[in-house]
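Okay, so the sequence shown: first residue is 192 according to the numbering used here, each after it adds one.
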Amino acid sequence: MWRSLLKQASNTHKSKFVPESCTSSLSSSSCTGFCQTSAFINKFRPSKAINHGFSGCPILGFRENYVFPSQKGCLGRFGFSHSGNPSFFSGKFWNFKGYASAAEAIVSNEDDLSGSEEINELVEAMIKEERKESFSKQPKIMVGGMGVAKYNTLKRRQIKIETEAWEEAAKEYQELIADMCEQKLAPNLPYVKSLFLGWFEPLRDSIAAEQEVCKGNFKISHAAYFNELSADMMAVVTMHKLMGLLMTNTAGTGGIRVVQAACQIGEAIENEARIQKFLEKTKKKSTTDKKSATESEPETTEQGKLAKNEEKLRKKVTQLMKKQKVHQVREIVKGRDTSKPWGQEAHVKVGCRLIQLLMENAYIQPPVDQIGDGPPDIRPAFVHALKNVIKDGNRGSRRYGVIECDPLVRKGLEKTAKHMVIPYMPMLVPPQNWTGYDQGAYLFLPSYVMRTHGAKQQRETVKRTPRKQLEPVFEALDTLGNTKWRINRRILGVVDRLWANGGRLADLVDREDVPLPEEPDTEDETEIRKWKWKVKAVKKENNERHSQRCDVELKLAVARKMKDEVGFYYPHNLDFRGRAYPMHPYLNHLGSDLCRGVLEFAEGRPLGKSGLRWLKIHLANLYAGGVDKLSYEGRVEFTESHLDDIFDSADRPLEGKRWWLSAEDPFQCLAACINLSEALRSCTPEATISHMPVHQDGSCNGLQHYAALGRDKLGAAAVNLVAGDKPADVYSGIAARVLDIMKRDAQEDPATNPNALHARLLINQVDRKLVKQTVMTSVYGVTYVGARDQIKRRLKERGAIADDTQLFVASCYAARTTLTALGEMFQAARSIMGWLGECAKVIASENQPVRWVTPLGLPVVQPYRQLGRHLIKTSLQMLTLQRETDKVMVKRQRTAFPPNFVHSLDGSHMMMTAVACKKAGLNFAGVHDSYWTHACDVDEMNRILREKFVELYEAPILENLLESFQKAFPSWNFPPLPERGDFDLREVLESPYFFN
């Protein structure tokens, strides 16, 4: 019966959309092919199908729920393929009223088809079958490497994380307070969270009272900004931000400068206020608003139009929010947001008042068992104090206002991280592509492509630069941001166990303080003076340990939050020189061995034959201790000779021999042991999936760039630009030269050459470690004084020279000798550094900052200007804000230009390599001069990074720089370009240890 009805339907409905000319193309493909290849469908296909929560074909006029049946036909009896009835698909039956299928077309014609129950049952069965077929047969639409539905779910979570973190914390405190009132019991909370809970309500009430006072009273300095955010959210931001600053204070003194705390709290309040204002605009008008509008007086025509336009815009934004079209929403809101940025002065005024309110309302009480029989010792949790801070080199001191926390709060800080709101967390979805100075990365959190640190000229220069010029930089940052990471749970488990047992191992800081020395029972002033010095040294050590413990806690807090995620992403931005950095500050691959050990690529790839070899080399590199200076074959041999130790480390990291703990990078070494053990125990080692990033590091990369700039043969050979049987070690080379000079001096007569005594004293102390830091920092323009201090620290660590005067004089001699050896080995580098410095001096002497454009098109302006003082009266104290003046710092512009210029070149090389690796299908991560990819892809990455280095330096970089200076300042005289050698850059392509 249904066949006849179907025939009747096909005769009744004439073709409306599909012309006869399309018949042949349609009939020559299955229905699935129709979705993909038909010219008709391509004409009407929407430009984007990203928001379909379904993998079917997004065809105009069809609902998204269904797709065409497959060739097999529904219920195994009925199909639309060319093998059945071609004329059936040529337009005679098909009516484009939004039907998803023939089944729905039949349903829509119930009047013509008499509404038979048999047909209805058949249609229901067909629809079910179509759903099954559609989900099993159709290709899945992918976004960011995942299905659309999964992407949308993660994106919703990401939006919630970015926009509701502070709000959620405020709600939690409100619920806990309500629960306490209801149960009449204090909840069992962690110590720090109980502190937050105790401070929250009185602080919130005080802020609310202050907001009432500020309304209409603009004589109060902070009044204009104090009602931009609700009191409960201001309370949460203030508490968490101040505690976070105390945790990350590198001085580890349990205090933070008022100006720093006030600026950051004020800025956080402004950012959150803008987000909340933005979200508020996207909400529909409430029913009460509508009601009041109807009761009000009739509007004029213009008012009515404005109201309608506002309502339309509100609806549009709401719809875009639902569809998660964040970029479009941001553009609309940005266009509508007429409010000006608050500025630093407003930040410190708002921040100071909030800190003051927190100090008035935050109290602390020792635990019951510490009170004894006396009255309860309730004291302020934070106090405001003034401190004298000695400037560098003991050249006077300055008085600063600081916020100090009580020792009990300070003790709790180390366990605070898990309860802190960390705003810029790694992202659950790929970051927004960069399209402008402040457009990209996070969906809602303020994101800027460059960290200008208040340097107005640099910020404005980047903003004015055409987008087309910056596209290579944007593409590189997007590439780095799209690398997907995950937590290595096995390594995190080992870290957690070590940390729970007090740290101390694998470069983890000791969780216990050093006990203070007892006061001597004597009146001898010398002994008392020695005791005071010891107390001072122990307090300094404990402050440093406290700071390091807070740092570890923050890293572990992020790792624990992310460990259950399938993957996450690090949005990247730039410093002013063009070097790329992850925007999340705590747990990232630029961090310590702990960070790198617990991070791995989310995507796994089979090792393959070359990957297995590279994994062995990588393990030897991580073990280091001189092993990383061997040839590749020597490193493989080292790993293979320690297989028992590697298996033991993987199986019993803490119960076994703990061989991995002797590595220079212990946690990364353990991760490599685990991965290699899995591979070698597998029946097919080369098929083992590896998530491990394998590193290829430049050999003293700054000097590599100088050698390429100067085409310096001697320098190129010293830093592995030339092929060799094993890697050249520039530090050992310099140490050997220093030793030769000292041996020569030691033979001289001390009466005629005073250096003879110093040489004899130091001759047994010279090794690569003594000179390494000075050689490394030579490319950053290290001065004689800097080199002296570096060598003095190394000698002091060894305790080789007890007398301080003798130590100082010997350090002076060693520094001079090391710089002489450097000048001999890297003459071209020295001449280029000198030329760059002279050019900078010419420019800065005319009160202009040095500026240039990197090979990727990024404009750079050196930010070094003399700072003026701007006094601001706040509710807490008089604050001095530093502001740029119009006067540049001539000396700083000159000394900083050579290292900054080279950093801009190494940043360009890394970004060029990143983009090329993406195009080659590789996963890539970069840490300045260390490039990472999967073990199986190391050979391909090595080829790419060498080609990009040659491509970078085949361009006339110094000539272009001089030309840009002469064009910008045509009447000034610049020194001529330095002479360069005849090193053939293409030798780099054949150098196995260039990056190794």
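All residues carry an ideal CB built from backbone N, CA and C; glycine is no exception.
Tell me the DSSP secondary structure of residue i in three-state form.
i	result
T1008	helix
W690	helix
E756	coil
G542	helix
R570	strand
N579	strand
P533	Correcting the residue type first, residue 533 is Trp in the shown sequence and not Pro. Residue state, collapsed to three classes: coil.
R843	coil
M425	helix
Y554	strand
H737	helix
E794	coil
Y823	helix
F284	Annotation note: pLDDT 34 at F284 (below 50); position unreliable, no value reported.
Y591	strand
Q630	strand
S884	Inspection of the sequence shows that residue 884 is occupied by Pro rather than by Ser. In the structure shown, P884 sits in a strand (DSSP, three-state: E or B).
I678	strand
Just to confirm, is the Cβ distance from residue i to residue j under 9 Å?
i	j	result
Q1057	F1160	no
P773	P762	yes
W533	Y416	yes
T439	L781	no
R740	G694	yes
A862	I682	yes
S840	W851	yes
F573	T626	no
S881	C1108	no
V970	V1093	yes
What residue range is occupied by the uninterrupted beta strand (DSSP E) comprising residue i?
i	result
Y772	771 to 773
Y1122	1121 to 1125
T670	No beta strand (DSSP E) holds T670; the alpha helix (DSSP H) holding it covers 658 to 672.
T626	623 to 627
K1118	The displayed chain sequence assigns Val, not Lys, to residue 1118. Element bounds for V1118: 1116 to 1118.
H949	That residue, H949, is in no beta strand (DSSP E); its alpha helix (DSSP H) goes 946 to 953.
Leaving aside the five residues before and after residue i along the sequence, list all residues of the same chain whose C-beta is less than 7 Å from its C-beta, in chain order.
i	result
R951	A937
A927	none
S1095	R768, G769, T1045, V1051
V705	V729, E732, N733
T354	I466, L470, F635
V685	P844, L845, L861
R1137	V1179, L1180, F1185
Within a Cβ cutoff of 8 Å, which residues of the same chain sit near residue i, ignoring the five residues on either side of it in sequence?
i	result
I1034	P1040, V1041, Q1084, F1156, F1160, W1163
L998	K983, L986, K987, I992
E401	F417, R544, L548
Going by beta carbon distance, what residues of the same chain come within less than 6 Å of residue i, once the five residues before and after it are set aside?
i	result
V1129	W805, V885
A453	V539, G542, C543
R448	Y591, V593
S397	L548, N552
W1123	P884, H886, A1116
R395	A422, D423, A426
R1021	G1014
N462	P637
Where does the unbroken alpha helix (DSSP H) through residue i begin, and where does it stop?
i	result
I447	Run containing I447: none in the alpha helix (DSSP H); it sits in the beta strand (DSSP E), 446 to 448.
P857	857 to 872
G906	904 to 909
D712	Per DSSP, D712 belongs to no alpha helix (DSSP H) and is neither H nor E.
Q649	647 to 655
P598	598 to 604
D958	Careful: D958 lies outside any alpha helix (DSSP H) and carries neither H nor E.
V1051	Per DSSP, V1051 belongs to no alpha helix (DSSP H); it is in the beta strand (DSSP E), 1050 to 1052.
Please go through the region 1054 to 1105 and give each complete beta strand (DSSP E) segment of 3 or more residues, from N-terminal end onward. Within the region 1054 to 1105, the complete beta strand (DSSP E) runs of at least 3 residues are 1056 to 1064, 1069 to 1079.
In chain order, what are the residue ranges of uninterrupted alpha helix (DSSP H) at least 4 long that sit wholly in the region 969 to 1003? For the region 969 to 1003, whole alpha helix (DSSP H) runs of length 4 or above, ordered along the chain, are 975 to 989.
Enumerate, from N- to C-terminal direction, the unbroken alpha helix (DSSP H) stretches of 4 or more residues contained entirely within the region 1006 to 1045. Whole alpha helix (DSSP H) segments, 4+ residues: 1018 to 1036.
Minimum length 3: unbroken beta strand (DSSP E) runs contained in the region 1137 to 1176: Fully enclosed beta strand (DSSP E) runs of 3 or longer: not present.
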